[in-house]
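Position 59 (the sequence shown) corresponds to 59 in the UniProt record's numbering; numbering is contiguous.
Note sheet for the following structure.
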Amino acid sequence: MGRKLGLFRAIYLVSASCMGSFAFAFDTGVISGVLTLTSFQNDFGYTVAQKTSVNSNAVSILQAGAFFGCFFTTPIASYLGRRLGLIISSLVFTVGTILQVVNSHTLGTFYAGRVIAGLGIGAATVLIPVYAAEMSPKDLRGRLGSCFQLFFALGVMVAYWVTYAVSIDQPSATKQWQIALGLQLLPSSLLLFGMCTVKESARWLASKGKIDKARESLKWVRGGEETVELQQEFDEILAGIEEEARIKQGFTFRELLLPANRYRLFIAFTIQLAAQLTGNTSLAYYATQIFSAVGAGNSSKLVTGFFGVVKVVGVSVFQIFVMDRIGRRWPFMVGAAAMGSFMLIIACILATHPTSSSDTGNASPAGIAMIIMTYCEAFSFNMSWGPLPWLYVGEIFSSRTREIGVTVGAASQWLFNFMMSQVTPHAIENIGWRMFLMFAIFNYAIVVYSFIFLKETSNYSLEEMQGVFGGSDPTKDDKLTTTETADKTHTSEVEDNQGTSSATPKEG
């Protein structure tokens with residue numbers, strides 16, 4: 001009974017925390033449809049000439065908030081704990097959502113709501129995987145950690161269908177867009193409720209010297225029974241905390257200038273840029289507009305709904321058949337090559353069979369072909385560049401630099417996300433089919449980048465990763481106070497956490 005109850009509590013805890021990922025995804029999916037609603041445009045009183053700028057600002061300003069939200073994560077997680085940090089994040093996101101839903105008739109208030117919601121999202125997307133990893137059973141940590149990306153895909157899919165539903169069932173009035181945006185309060189409320197019903201991270205409590213509370217937390221999440229396995233795991237947590245302190249003792253930022261660490265930081269930065277240049281972020285945020293551009297006509301919102309279904313299927317297939325089975329480099333290269341080919345086909349069809357903004361009928365055969373290619377691109381993304389970059393970033397850093405490296409990756413992701421959110425609506429408006437050609441070229445360049453710079457990390461332990469990236473132990477190079485032995489002690493813990501640390505999902 002204890003083991004089954006422990007499994008249920010672990011699944012419940014991870015699912016509750018992943019409602020933060022769902023909330024972020026819902027926002028990602030719903031905003032593209034809301035911006036196309038005439039009722040929204042009328043209530044906020046902007047002209048057709050201003051439409052492109054409003055679209056880019058409404059989407060990208062949330063990314064700016066999330067970028068800064070990432071930097072609040074460390075003090076929140078360190079001083080207040082993972083659970084309380086998520087509660088605060090959900091409250092901040094809720095305040096931002098309310099400001100968006102209130103019909104203020106001013107874009108300034110709406111934008112303010114987007115920024116505030118972004119602050120909550122940015123913090124939550126880093127806190128959730130850390131909390132889930134620290135509280136999940138060792139043998140289920142990878143699977144439960146991958147739920148982050150699954151909940152993201154589910155959130156986007158639900159948002160697309162909600163937008164479709166309000167566009168056909170609700171009259172063109174204020175409540176049409178308010179319902180769509182207001183439903184964001186549901187996942188954020190579930191996150192808040194869930195975090196109020198679970199325990200704080202046992203590892204965080206132990207790191208703060210709250211040993212009795214840490215033991216009680218671990219006992220609760222493992223089913224409430226005193227077992228030999230429970231005592232063993234608790235002893236490992238205490239030993240791990242002690243070793244982590246020893247590993248980080250004497251750390252200085254000059255270690256980041258060592259060749260191997262420079263290379264790893266370069267990868268953490270550029271791999272997030274590459275993920276954005278695949279074009280899938282643009283598809284996710286502006287799906288409705290893009291499907292209209294390729295000839296979906298009146299069916300653009302319906303087509304977008306099925307686009308969300310394709311994403312969920314892609315993530316599910318990745319989790320079942322790809323994750324930890326065929327390494328890292330091949331999915332990176334094959335995924336980019338496939339996406340480049342699909343984008344090139346779309347560009348060729350759109351160039352030879354152009355559509356018009358006045359086309360409101362059913363999709364033409366050329367339009368259907370482009371829609372299918374877009375679906376194939378999204379499926380390929382969710383089998384490769386969607387879930388893999390964060391998994392990869394979590395693997396390549398040593399214990400001494402991993403926290404900094406992952407933070408660099410998180411900040412880079414939001415920075416480039418902001419960039420693409422700004423550029424895409426202007427590209428749709430001004431360059432048409434050339435936008436897809438641009439993404440095709442980017443994807444083929446990413447294949448070359450993956451081949452040259454991305455090394456295989458699957459099945460390598462932490463100390464072996466030093467050799468993979470051409471570096472020796474920095475404690476020897478810089479005569480620091482810790483030893484290679486300390487890193488080796490952490491090998492199993494890092495391997496258990498691979499792919500779960502700060503796994504911000506990609507918009508696709």
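Think of the CB as a built atom: it goes at the ideal place given N, C-alpha and C, for glycine as much as any other residue.
Same chain, Cβ closer than 6 Å to residue i, neighbours up to 5 away in sequence not counted
{"i": "A486", "result": "Low per-residue confidence applies at A486: pLDDT is 40, beneath 50, and the placement is therefore not dependable enough to give any value."}
{"i": "L273", "result": "F416"}
{"i": "Y46", "result": "V54"}
Secondary structure of residue i, DSSP reduced to three states
{"i": "M323", "result": "coil"}
{"i": "S167", "result": "helix"}
{"i": "N55", "result": "helix"}
{"i": "W385", "result": "coil"}
{"i": "E200", "result": "coil"}
{"i": "K219", "result": "helix"}
{"i": "F307", "result": "helix"}
{"i": "F397", "result": "coil"}
{"i": "T281", "result": "helix"}
{"i": "T355", "result": "coil"}
{"i": "V294", "result": "coil"}
{"i": "H105", "result": "coil"}
{"i": "F469", "result": "coil"}
{"i": "G81", "result": "coil"}
{"i": "L35", "result": "coil"}
{"i": "A206", "result": "helix"}
{"i": "Q100", "result": "helix"}
{"i": "A64", "result": "helix"}
{"i": "C70", "result": "helix"}
{"i": "I431", "result": "coil"}
{"i": "A173", "result": "coil"}
Cβ-based burial, residue i [other Cβ within 10 Å; buried from 16]
{"i": "G178", "result": "One point to set straight first is that residue 178 is Gln, not Gly, in the sequence displayed. With 16 or more other Cβ atoms within 10 Å, it is buried."}
{"i": "F436", "result": "buried"}
{"i": "N430", "result": "exposed"}
{"i": "T481", "result": "Any reading at T481 must be qualified, since the residue scores a pLDDT of 38, below 50, and its modelled position is unreliable; the value itself is stated next. When all chains shown are included, T481 counts as exposed."}
{"i": "R397", "result": "The amino acid occupying residue 397 in the given sequence is Phe; Arg does not appear at that position. It counts as buried."}
{"i": "Y375", "result": "buried"}
{"i": "G96", "result": "buried"}
{"i": "G367", "result": "buried"}
{"i": "K27", "result": "Per the sequence shown, residue 27 should be read as Asp rather than Lys. The residue is buried, with at least 16 neighbouring Cβ atoms inside 10 Å."}
{"i": "S201", "result": "buried"}
{"i": "S78", "result": "exposed"}
{"i": "T106", "result": "exposed"}
{"i": "V406", "result": "buried"}
Same chain only: Cβ atoms within 7 Å of residue i, ignoring 5 sequence neighbours per side
{"i": "K479", "result": "Here K479 scores only 39 on pLDDT, less than 50, and its place in the model should not be relied on; the value that follows carries that caveat. The answer is none, since no qualifying residue turns up."}
{"i": "A206", "result": "A214, I237, L238, I241"}
{"i": "G182", "result": "V101"}
{"i": "S421", "result": "S56, V59, S60, Q63, Y285"}
{"i": "W230", "result": "Residue 230 is actually Leu in this sequence, not Trp. Within the same chain, L230 has close Cβ partners L218, K219, R222."}
Contact check, residue i vs residue j, beta carbons under 8 Å
{"i": "F152", "j": "S300", "result": "no"}
{"i": "I87", "j": "C196", "result": "yes"}
{"i": "V30", "j": "T125", "result": "no"}
{"i": "G155", "j": "A66", "result": "no"}
{"i": "Q319", "j": "L150", "result": "yes"}
{"i": "A369", "j": "T278", "result": "no"}
{"i": "F387", "j": "A275", "result": "One detail in the question is off: residue 387 reads as Pro in this sequence, not Phe. Contact flag unset, no."}
{"i": "F269", "j": "V423", "result": "no"}
{"i": "S384", "j": "F342", "result": "no"}
{"i": "Y263", "j": "F469", "result": "yes"}
{"i": "R328", "j": "E456", "result": "yes"}
{"i": "M323", "j": "I345", "result": "no"}
Other residues of its chain near residue i: CB distance less than 8 Å, five sequence neighbours each side excluded
{"i": "E233", "result": "K138, L218, R222"}
{"i": "I128", "result": "S17, C18, G20, S21, L86, F148"}
{"i": "V34", "result": "F40, T163, W177, A180, L181"}
Exercise. Please list the segments of the beta strand (DSSP E) lying wholly inside the stretch 222 to 269, counting only runs of 3 or more residues, in order along the chain.
Key: none
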